[in-house]
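K.L.:
Oh and the first sequence: position 70 is 66 in our numbering, straight run, nothing missing.
All C-beta atoms, glycine included, are put in the ideal place defined by N, C-alpha and C.
What follows is a structure written as structure tokens; I'll ask about it next.
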Amino acid sequence: MDLKLKNEFIFVPSNILKMQVIEHILTFHIREAVKQLFGKESTNDQIQLQKTRREFEGDITLVVFPLLKLSGKSPDITAVQIGRYLEERCPEVTRFNAVKGFLNLVIDSGYYLKALNSILDNEQYGFAPIPKDASTIMVEYSSPNTNKPLHLGHIRNNLLGFAVSNILAATGLKVIKTNLVNDRGIHICKSMLAWQKWGNGETPQSSGKKGDHLVGDYYVKFDREYKKQIESLVNGGMKKEDAEKNAPLMLEAQEMLRNWESGDSKVHALWEMMNGWVYDGFDATYRRLGVSFDKIYYESKTWIHGKETVLKGLEKNVLVKKEDGSVWADLRDKGLDEKVLLRSDGTSVYMTQDIGTARIRQDEFAPDRMVYVVGNEQNYHFKVLSLILDLLGFPWAKTLYHLSYGMVELPEGKMKSREGTVVDADDLMDEMVTTAREMSIVLGKLEGLNDAEKEDIFRVIGMGALKYYMLKVDPVKNMLFNPRESIDFDGNTGPFIQYTYTRIRSVFRKASESGIRIPNEIGENIDINAKEKNLLKLVHEFPSVVKAAGEAFNPSLIANFIYDLVKEYNQFYHDYTILKEESEKLRDFRLVLSRAVSDIVKRGMELLGIEMPERM
RNA sequence: GGCCCUAUAGUUCAAUGGAUAGAACGGAGGUUUCCUAAACCUUAAAUCCAGGUUCGAUUCCUGGUGGGGCUACCA
């Protein structure tokens, strides 16, 4: 599997599905035009439609260059001839103009108004229904270690995984969200050992600490004491490398891991107790983030299946055993290295565990696609995983897709746990909500609400700011998270979008108070202006944006679309006092348009996992 | 060394191979008798370098340069 070839992993889509209805209509007519005018058949690929740029008159533009081979005429003549044909034969096209090979088409407002009517009563506008025989897609995300709390990087992972799952479901797929908890290994043993030595029986109940933080504190404690031991060994004349391997604490931790693997009951009891604390803590964090899972796997339960699978592969001679007993996959003929799968002492490595987990999932759910939301530092790992599964003869090896995302960096530089520059997920969420509270109180727009209602709004705003900020960036890119800037609620941010939404809701409240009802249908011969038409076009575009975001596994397409819509709406909104519009027909139209915009904004944001407040 | 990702205004982000590369923040200036001014308007400011493919390249290819990651019998 070559991770570069993203197209291989696109499964739902055809270009036709992704298109807006109007583009579909135009494509049909343009192909007819080419046939009639030039006597040649064209393909859908040759019909290149795009939004008309603002400085030209028109709504949709045909790029005529690809058709020149068929017409055998100059760009301008080709464009004008097709334009005339469309003007005459295609009722949706009212006018056209041709500029340097670009055929700008003016689409009849009635078309968009009709489209607006058709979505008014459609609760599911933009979302595809899930058919009975829908493909199943499994999305793994979060996948934490149980030795420390979640941090900023996990937030990006969780938000991305959850949003992508929502979007895929909206495109008509059956989605299973899964979490693979890495609950075993040397890391958790370090926390356990430190707790045993220095914990004095501390529990989340006794100390009031959140469980994952408590366990994380002992992980830090271990590291600190371990460093001290190394230092004193080095001072005593030992080489640093040897000191790292022979520090008594490390030897003890390794012994504990061996005891765990051999099933020592005391070690297991401690392990279960401390993991339990961590899970309680994680659950709280997940709830706050608003993410959820349909199925949770634990590596302590899946690793053994990986080992079995590898041993079978050895029997079938697709894997090799070296003299020291270690088992390897040889991928050199595929341009990669050899990869160890079982150590010489027979224990399994990360890759082995992932092989086991993949198999179990396949047995249990047989998903048509398996998406791993994991950071880009593991690009190589997933490339190798897929190749090895293929080597082992699993036909579903090619259904794996690594949704790789970039690191989250801070203005001060990289996050390093050892230097204490990690931004803790819980702390960050607190900070976001606190800032939302402070800013809202200064603005004082929440009078008449009780404290619980206000707190809920602060939470929705703070979390919305965080989520939107994380999701508006293309996943593949590293991103900079600036805590100060992120809580500056201006510009392309979640709160800006939420604010516009609440203003629309406010209009509806006022309308309702003065006895104005939002109609369920509007006439199709309303004289609308350019701003209104632009809004209508964006509303019409929503379903294809959702589709495109699903195909690309990229929530940022939706985020940026909603921002465009909201900006466009703000300009529209600024020009009118909707409720005081003297013409009832126009007022109703503007109310209906506002409702369509607010519905889409809400639906889009909810796909991203962002709640929308009614007031703020 | 090898492999992968990435490079766009001062900064953070956009742009299915299409027209004069869009926003936001920050900078400069302006708008409130009007449904929430957390808004709106005006303004200055950018495609890392060199080749190639193409009617057309920020986008695709090659080679550099900068940044990040991987290259563990860690996970």
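Give the single residue among Ala249, Ile184 and Glu547 whose Cα lies nearest to the Cα of Gly272.
P.N.:
Against the first sequence, residue 272 aligns to sequence position 276. The candidate whose alpha carbon is nearest that of Gly272 is Ile184.
K.L.:
Using only the alpha-carbon positions, how far apart do Asp595 and Glu509 sit?
P.N.:
Within the first sequence, residue 595 is the residue found at index 599, counting from 1. Within the first sequence, residue 509 is the residue found at index 513, counting from 1. Those two C-alpha atoms are separated by around 21 Å.
K.L.:
Just grab the DSSP bridge partners of Gln46 for me.
P.N.:
Reading the first sequence from its first residue, position 50 is the one you call residue 46. Per DSSP, Thr57.
K.L.:
Provide the residue span of the beta strand (DSSP E) that contains Arg284, from first to last.
P.N.:
For the purposes of this step, residue 284 is taken as residue 288 along the first sequence, with counting starting at 1. Taken as a continuous stretch (DSSP letters only), Arg284 belongs to no beta strand (DSSP E), being part of the alpha helix (DSSP H) at Ser261 to Leu285.
K.L.:
Please classify Ser91: does DSSP put it in a helix, a strand, or coil?
P.N.:
Translated into positions along the first sequence, residue 91 becomes position 95. For the record, residue 91 in the displayed sequence is Arg; it is not Ser. Arg91: strand per DSSP, three-state reduction.
K.L.:
Using a Cβ-Cβ cut-off of 7 Å (strictly less than) and excluding sequence neighbours within five positions of Leu387, which residues of its own chain qualify?
P.N.:
Locating residue 387 in the first sequence gives position 391, where the first residue counts as 1. Here the set comprises Val314 and Ala325.
K.L.:
Who are Arg80's beta bridge partners in DSSP?
P.N.:
Here the question's residue 80 lines up with position 84 in the first sequence. Arg80 pairs with nothing; no bridge assigned.
K.L.:
Looking at C-alpha atoms only, which residue of Thr298, Pro62, Thr199 and Leu338 is the closest neighbour of Gly309?
P.N.:
Translated into positions along the first sequence, residue 309 becomes position 313. It is Leu338.
K.L.:
Examine the Cβ distances between the segment 251 to 259 and the segment 131 to 141 and report whether three or more of them are shorter than 8 Å.
P.N.:
No, the segment 251 to 259 does not touch the segment 131 to 141.
K.L.:
Under the three-state reduction of DSSP, which class applies to Lys235: helix, strand or coil?
P.N.:
For the purposes of this step, residue 235 is identified with residue 239 of the first sequence, where counting begins at 1. Looking at Lys235 - three-state DSSP - the assignment turns out to be coil, as it is neither helix nor strand.
K.L.:
Assuming Glu405 and Asn474 make a contact with CB atoms under 8 Å, what is their CB distance in whole Å?
P.N.:
To locate residue 405, count along the first sequence from 1; it is residue 409. To locate residue 474, count along the first sequence from 1; it is residue 478. Right, their Cβ atoms sit about 6 Å apart.
K.L.:
What do you reckon, is the C-beta of Asp213 under 7 Å from a heavy atom of the ligand MN?
P.N.:
This structure lacks the ligand MN; in fact it carries no ligand of any kind.
K.L.:
So what does Phe98 bridge to, in DSSP terms?
P.N.:
Locating residue 98 in the first sequence gives position 102, where the first residue counts as 1. Bridge partners of Phe98: Val59 and Val95.
K.L.:
Could you give the distance in angstroms between the alpha-carbon of Ser436 and the alpha-carbon of Met608?
P.N.:
Your numbering for residue 436 matches position 440 in the first sequence. Your numbering for residue 608 matches position 612 in the first sequence. So the two alpha carbons sit approximately 15 Å from each other.
K.L.:
According to DSSP, simplified to helix, strand and coil, what is Ser138?
P.N.:
For this step, residue 138 is matched to residue 142 along the first sequence. Coil at Ser138, not helix or strand.
K.L.:
With a threshold of 8 Å, are at least 3 pairs of Cβ atoms found where one atom belongs to the segment 256 to 264 and the other to the segment 118 to 133?
P.N.:
Touching, no.
K.L.:
As a quick exercise: from Phe492, Ile522, Leu575 and Ser590, pick the residue whose alpha carbon is nearest that of Lys110.
P.N.:
What you label residue 110 is simply residue 114 of the first sequence in a count that begins at 1. When only C-alpha atoms are compared, the closest one is Ile522.
K.L.:
Take the Cβ of Asp584 as the centre, count every other Cβ of all protein chains shown within 10 Å, and call the residue buried at 16 or more, exposed below.
P.N.:
The sequence position of residue 584 within the first sequence is 588, counting from 1. By the neighbour-count rule (16 or more Cβ atoms within 10 Å), Asp584 is buried.
K.L.:
Is Ser67 closer than 8 Å to Thr57 when the C-beta atoms are compared?
P.N.:
Translated into the one-based positions of the first sequence, residue 57 becomes position 61. Translated into the one-based positions of the first sequence, residue 67 becomes position 71. No, the Cβ-Cβ distance between Thr57 and Ser67 is not below 8 Å.
K.L.:
For Thr343, count neighbouring Cβ atoms within 10 angstroms of its own Cβ and tell me buried if that reaches 16, exposed if not.
P.N.:
Here the question's residue 343 lines up with position 347 in the first sequence. Looking at its Cβ environment, which holds fewer than 16 other Cβ atoms inside 10 Å, Thr343 is exposed.
K.L.:
Work out the CA separation of Val562 and Ile493 for me, nearest whole Å.
P.N.:
Looking up residue 493 in the first sequence gives position 497. Looking up residue 562 in the first sequence gives position 566. Distance between the alpha carbons of Ile493 and Val562: 6 Å.
K.L.:
Pull up the CB-CB distance for Asp426 and Pro145, whole angstroms please, since I reckon it's below 8 Å.
P.N.:
Within the first sequence, the letter at position 430 stands for residue 426. Within the first sequence, the letter at position 149 stands for residue 145. Asp426 to Pro145, Cβ: 13 Å. No contact.
K.L.:
Quick check on Val306: does DSSP put it in helix, strand or coil?
P.N.:
Start at 1 with the first residue of the first sequence, and residue 306 comes out as number 310. Helix, per DSSP.
K.L.:
Take Ser296 as the anchor and find which of Trp267, Glu311 and Tyr282 has the nearest alpha-carbon.
P.N.:
By one-based count along the first sequence, residue 296 stands at place 300. Of the candidates Trp267, Glu311 and Tyr282, the one whose C-alpha sits nearest the C-alpha of Ser296 is Trp267.
K.L.:
Around the Cβ of Met638, are there at least 16 other Cβ atoms within 10 angstroms (buried) or fewer (exposed)?
P.N.:
Because the chain spans -3 through 612 in this model, residue 638 falls outside it and cannot be assessed.
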